[in-house]
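Engineer: Counting with my numbering, you get residues 17 to 464 for the letters of the sequence shown. Using N, Cα and C, we set each Cβ at its ideal position, and we do this for glycine too. Here you go, one structure.
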Amino acid sequence: MHVRAPSQVLADLRERTPYVAVFAPRRAHPFAIALERLLKEYGFAAYLLEMGASPVDVWRAARATQPETGAVFVEYAPGDYQVLALLLGVLRWRARGAAVVICRRGERFRSPRQRIAYALTRLLARAELRVDADDPMRTIAAWRPSLMPPRAPLARGWVVRSDPARVDGIVGILRCPSCGGPLRPSGEGLACERCARTHPIVDGIPVLLREGARAQVEEHEHGYEAGDAYELGKEENRAWLEIGLAKRDLVGRLLRGHTARASLDVGCGDWGFHHDVVRGLGSELAVAGDISLKLVRHARMAAAAPGRVHHLVFSAEALPFRDGVFDLAYCSEVLEHVGDPERALAEIARVGRGGRVILTAPNEEVTGKLEEGHVQTFGYDSFLALVRRHVDVRDVRGVYLYEEEPRRAYEARWRGLPVGPLRLRLALLRGEREPRRSLSILVDGILR
Ligand SMILES: [Zn+2]
């Protein structure tokens with residue numbers, strides 16, 4: 017382990033992995049933001065997450081790291097995280113097979129104990145990069161561009177594309193959400209050749225909604241605050257983080273060995289399937305969308321591989337795609353927000369007929385209404401009855417075993433106890449086998 021030149025580090029990682037994470041302390045972190053951007057420019061699929069200071073925070077961050085992540089960059093200075101916590105995190109990342117690069121700002125340690133713990137951490141890390149403590153941005157500026165290795169295709173066939181995916185790459189599969197007619201690029205938007213409506217492209221994101229749906233979008237936009245769906249390190253978010261990760265891992269397991277050609281995430285929210293489960297990304301085409309432009313903007317910003325995923329604004333009830341273009345569809349915690357879920361499912365079946373589908377919905381007959389915005393109330397039987405009209409169901413799982421009002425209950429019972437996350441994991445595991453009593457019902461099947 018040594019201090020290395022960034023060009024060496026990137027050349028080395030390029031041989032190992034296309035997929036990297038950047039962890040930053042939970043306050044202003046311009047260096048980490050710039051690093052994430054640089055990594056994307058050099059063709060990596062990169063994502064940035066904040067991490068709290070305590071051992072529990074770092075442990076949780078290591079757990080939350082995508083299984084596919086082959087390298088982890090950690091911005092660190094004494095005081096950012098407890099150094100023993102960092103050591104713990106590095107051990108866990110290493111155990112998961114990821115290389116760790118510590119990006120260290122050169123402040124001094126306050127005690128010999130800190131110095132020893134950091135020396136151990138360095139030994140376990142793959143490399144250390146030095147960051148200018150006074151002006152971290154100067155470090156990034158000094159890295160580019162002549163010192164860097166040439167841009168080259170990555171190992172494992174990952175397509176190097178760092179710019180946002182371009183609209184003209186998918187015009188051929190789109191159709192007018194109002195009349196179903198073909199679309200063509202026209203000025204600032206996409207014009208329908210049949211009904212002559214022009215759908216706007218805002219900030220590179222096509223907004224493909226039926227006439228009159230716009231007000232709903234704006235209302236939706238103001239009602240939602242976009243942000244990190246997992247909010248690592250936030251104590252009050254602990255139970256939901258575990259539940260989200262359990263869902264991600266479950267879907268990842270279900271999709272193991274399944275290679276999709278073209279994937280669609282219906283209702284991606286501010287984060288999205290393509291980020292949650294990289295395994296679900298179509299090898300030739302990946303599309304994600306939501307009815308809120310604000311959430312879609314955020315999803316694109318947070319996307320690990322912005323060059324691989326096309327982001328659109330659309331309504332689940334009028335999908336703007338031609339028939340049968342997808343062979344994997346994902347729609348998670350969306351149908352309860354939709355006025356006509358029957359129609360939304362019929363639309364998903366239309367665009368993904370014969371393909372794999374994964375659907376989830378909250379089991380609100382058990383939990384009671386979880387959110388204001390829910391216009392449907394599903395239970396196990398009603399959800400399955402709806403789904404079975406459009407899907408050959410192969411597997412039904414629960415994402416969580418409902419015991420009490422989950423968030424408050426778990427907080428009150430397990431706050432600060434190291435056994436907490438383990439017990440939650442056990443509950444999640446049991447819930448998987450008891451979908452009827454679970455917080456959320458997951459269906460895996462084939463679209464008819
Ligand atoms: Zn039209």
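Does the segment 351-363 come within contact of the segment 208-226, defined as at least 3 CB pairs closer than 8 Å?
Structural biologist: no
Engineer: When every heavy atom of ligand 1 is checked, does at least one fall within less than 7 Å of the C-beta of CYS284?
Structural biologist: For the purposes of this step, residue 284 is taken as residue 268 along the sequence shown, with counting starting at 1. For ligand 1, not one heavy atom lies less than 7 Å from the Cβ of CYS284.
Engineer: Cβ of SER519 within 7 Å of any heavy atom in ligand 1?
Structural biologist: Because the chain is modelled from 17 through 464, residue 519 falls outside the range shown and cannot be assessed.
Engineer: Please state the DSSP three-state secondary structure of ALA21.
Structural biologist: For the purposes of this step, residue 21 is taken as the residue at position 5 of the sequence shown. In this structure, DSSP gives ALA21 a state outside helix and strand, which the three-state scheme calls coil.
Engineer: Which partner residues does ASP306 have in the DSSP bridge list?
Structural biologist: Start at 1 with the first residue of the sequence shown, and residue 306 comes out as number 290. VAL329.
Engineer: Measure the C-alpha to C-alpha separation of THR275 and ASP460 and round it to an integer number of angstroms.
Structural biologist: On the sequence shown, residue 275 is found 259 positions in, with the first residue counted as 1. On the sequence shown, residue 460 is found 444 positions in, with the first residue counted as 1. Here the alpha carbon of THR275 sits roughly 15 Å from the alpha carbon of ASP460.
Engineer: Roughly how far, in whole angstroms, is the beta-carbon of VAL36 from the beta-carbon of ALA48, given that I think they are within contact range, below 8 Å?
Structural biologist: By one-based count along the sequence shown, residue 36 stands at place 20. By one-based count along the sequence shown, residue 48 stands at place 32. A Cβ-Cβ distance of about 12 Å is found for the pair VAL36 and ALA48, leaving them out of contact under the 8 Å criterion.
Engineer: Just to confirm, are VAL74 and LEU54 a CB contact at a threshold of 8 Å?
Structural biologist: What you label residue 74 is simply residue 58 of the sequence shown in a count that begins at 1. What you label residue 54 is simply residue 38 of the sequence shown in a count that begins at 1. Not in contact: VAL74 and LEU54 (Cβ atoms no closer than 8 Å).
Engineer: Tell whether a beta-carbon distance below 8 Å holds between GLY447 and TYR416.
Structural biologist: To locate residue 447, count along the sequence shown from 1; it is residue 431. To locate residue 416, count along the sequence shown from 1; it is residue 400. For GLY447 and TYR416, yes; Cβs fall inside 8 Å.
Engineer: With a 10 Å radius around its C-beta and 16 neighbouring C-beta atoms as the bar for buried, classify LEU483 as buried or exposed.
Structural biologist: Residue 483 lies beyond the range of the chain shown here (17 to 464); nothing can be said about it.
Engineer: Write down the C-beta distance between GLY298 and ARG277 rounded to the nearest angstrom, noting that I regard them as a contact closer than 8 Å.
Structural biologist: Within the sequence shown, the letter at position 282 stands for residue 298. Within the sequence shown, the letter at position 261 stands for residue 277. Between ARG277 and GLY298 the Cβ distance is about 6 Å, and since that is below 8 Å, they are a contact.
Engineer: In terms of residue numbering, what span does the beta strand (DSSP E) encompassing SER202 cover?
Structural biologist: Numbered from 1 along the sequence shown, position 186 holds the residue referred to as residue 202. Per DSSP, SER202 belongs to the beta strand (DSSP E) from 199-202.
Engineer: Have a look at GLU123, HIS327, ARG226 and flag the residue whose alpha-carbon is nearest the alpha-carbon of GLY220.
Structural biologist: Stepping through the sequence shown from its first residue, residue 220 is reached at position 204. Looking at the Cα atoms, HIS327 is the closest of the given residues.
Engineer: Check whether the segment 305-320 touches the segment 400-407, taking contact to mean three or more Cβ pairs, one atom from each stretch, closer than 8 Å.
Structural biologist: no
Engineer: Give the range of the alpha helix (DSSP H) segment to which VAL415 is assigned.
Structural biologist: Position 399 of the sequence shown, counted from the start, is the residue given in the question as residue 415. Run containing VAL415: none; DSSP gives neither H nor E here.
Engineer: LYS56: buried (16+ other C-beta within 10 angstroms of its C-beta) or exposed?
Structural biologist: Translated into the one-based positions of the sequence shown, residue 56 becomes position 40. With 16 or more other Cβ atoms within 10 Å, it is buried.
Engineer: Is it buried or exposed for GLU66, if we count other Cβ within 10 angstroms and need 16 for buried?
Structural biologist: Locating residue 66 in the sequence shown gives position 50, counting from the first residue. When all chains shown are included, GLU66 counts as buried.
Engineer: When you compare the CB positions of ARG146 and ALA115, do they come within less than 8 Å of one another, or not?
Structural biologist: Locating residue 146 in the sequence shown gives position 130, counting from the first residue. Locating residue 115 in the sequence shown gives position 99, counting from the first residue. In this structure, ALA115 does not lie closer than 8 Å to ARG146 by Cβ.
Engineer: Given 7 Å as the limit, tell me if ARG210 has its C-beta closer than that to any heavy atom belonging to ligand 1.
Structural biologist: Numbered from 1 along the sequence shown, position 194 holds the residue referred to as residue 210. It does: the Cβ of ARG210 is within 7 Å (strictly closer) of some heavy atom of ligand 1.
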